[in-house]
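FYI, the numbering for the sequence shown is 1 to 224, going by the UniProt record's numbering. Here is the structure we will look at, set down as structure tokens.
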Amino acid sequence: MEGLLPIGRRLQSKHHCNNKIIGARYFINGFLAAFGEFNATEANEFISARDSAGHGTHCASTAGGSFVRNVSFQGLAGGVARGGAPRARLAIYKVGWIGGAVSSVDILKAFEEAIHDGVDVLSISLGIDLPLYPEIDKRDVIYYGSFHAVAHGITVVCSAGNSGPEYQTAEDVAPWVISVAASTLDRSFPTPIILGNKQVFTGQAMYDGKDTGFVKLAYKRKET
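Structure (structure tokens):
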């Protein structure tokens, strides 16, 4: 795969290879031209398609992660985990670098390479900060790149951002893309608190430790 370092001995067995990732490229020339050279070791960054922050891996697994059975979060919510399209193959196009900084040049180059590679769907897990996020804005290169991809028959799915639910905070809302955002789950993680008089208050928490037993409650009182 272009852009990846050689596979180490520990990962050369069939046990670790499931043919999920079939392509990987990275684009950094625009970033270097705009922000200058940097020390990859000090920045904990990889000058390759490898993910250093986890954001790209997280988004890729959400979109196309394979079926993984018997998983849980510290023993909670056990079951089968999978992405939205678990049998999809992934081609990775890395454009984000230190602190999530990106270059417009690199973004457009990644779009063009993906179009040339013949991908079926593009999942764009980034957005450009613009005032009021207008539907079409010539300053946002994602609109240009996504339009070109759609013109080639590629479905483009974009992140609506992390700034909701206030008005005028959705990103990547061009009419030719599918904008997606986080929603709610159809499950809860109830955590009861039982008082000495047997009264029960139920809340939610991801606590997975042992019951603490009875402890004293302190009532907040305003000093006069």
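For every residue, glycine included, the Cβ atom is placed at its ideal position computed from N, Cα and C.
So if DSSP puts residue i in a beta bridge, which residue, or which two residues, is it bridged to?
i: residue 180; result: 159
i: residue 24; result: 92
i: residue 122; result: 156
i: residue 190; result: 204
i: residue 71; result: 79
With C-beta atoms as the reference, is residue i less than 8 Å away from residue j?
i: residue 171; j: residue 203; result: no
i: residue 114; j: residue 85; result: no
i: residue 49; j: residue 25; result: yes
i: residue 104; j: residue 30; result: yes
So, at 8 Å on beta carbons, what are the nonlocal neighbours of residue i in its own chain, with the 5 sequence-adjacent residues on each side left out?
i: residue 200; result: 192, 193 and 194
i: residue 19; result: 89
i: residue 188; result: 204
i: residue 206; result: 73, 74, 76 and 189
i: residue 1; result: Unreliable placement is indicated for residue 1, whose pLDDT of 45 sits below 50; the coordinate value is still reported in the next sentence. Excluding sequence neighbours, residue 1 sits near 21, 22, 23, 24 and 49.
Figure out for me which residue from the options has the closest Cα to the Cα of residue i.
i: residue 81; options: 100, 95 and 64; result: 64
i: residue 116; options: 150, 68, 57 and 185; result: 150
i: residue 147; options: 169, 124 and 162; result: 124
i: residue 83; options: 169, 100, 168 and 57; result: 57
i: residue 210; options: 169, 220, 41 and 74; result: 74
i: residue 161; options: 181, 38 and 176; result: 181
i: residue 153; options: 97, 214, 218 and 118; result: 118
i: residue 184; options: 175, 165 and 176; result: 165
i: residue 174; options: 215, 145, 22 and 93; result: 145
i: residue 215; options: 196, 168 and 99; result: 196
i: residue 22; options: 159, 79, 93 and 104; result: 93
i: residue 100; options: 163, 55 and 69; result: 55
If you drop the 5 nearest sequence neighbours on each side, which residues of the same chain put their C-beta closer than 6 Å to that of residue i?
i: residue 121; result: 155
i: residue 88; result: 64
i: residue 95; result: 27, 102, 106, 107 and 110
i: residue 32; result: none
i: residue 71; result: 81
i: residue 60; result: 90
i: residue 62; result: 83
i: residue 217; result: none
Just confirm the distance between the C-beta atoms of residue i and residue j, as a whole number of angstroms; I'd bet it's less than 8 Å.
i: residue 157; j: residue 142; result: 12 Å between Cβ atoms; not a contact.
Quick one: residues in its chain with C-beta nearer than 7 Å to the C-beta of residue i, no 5 flanking neighbours on either side, listed in chain order?
i: residue 52; result: 44, 45 and 46
i: residue 212; result: none
i: residue 38; result: 98
i: residue 67; result: 80, 82 and 86
i: residue 159; result: 124, 125, 126, 127, 171, 172 and 180
i: residue 3; result: In this prediction, residue 3 has a pLDDT of 49, which is less than 50 and means its spatial position is unreliable; what the coordinates show is noted afterwards. Taken in chain order, the residues that qualify are 24, 25, 26, 48 and 49.
Would you verify that the beta carbon of residue i is, or is not, closer than 8 Å to some beta carbon of chain B?
i: residue 116; result: Among the protein chains of the structure shown there is no chain B, as only one such chain exists.
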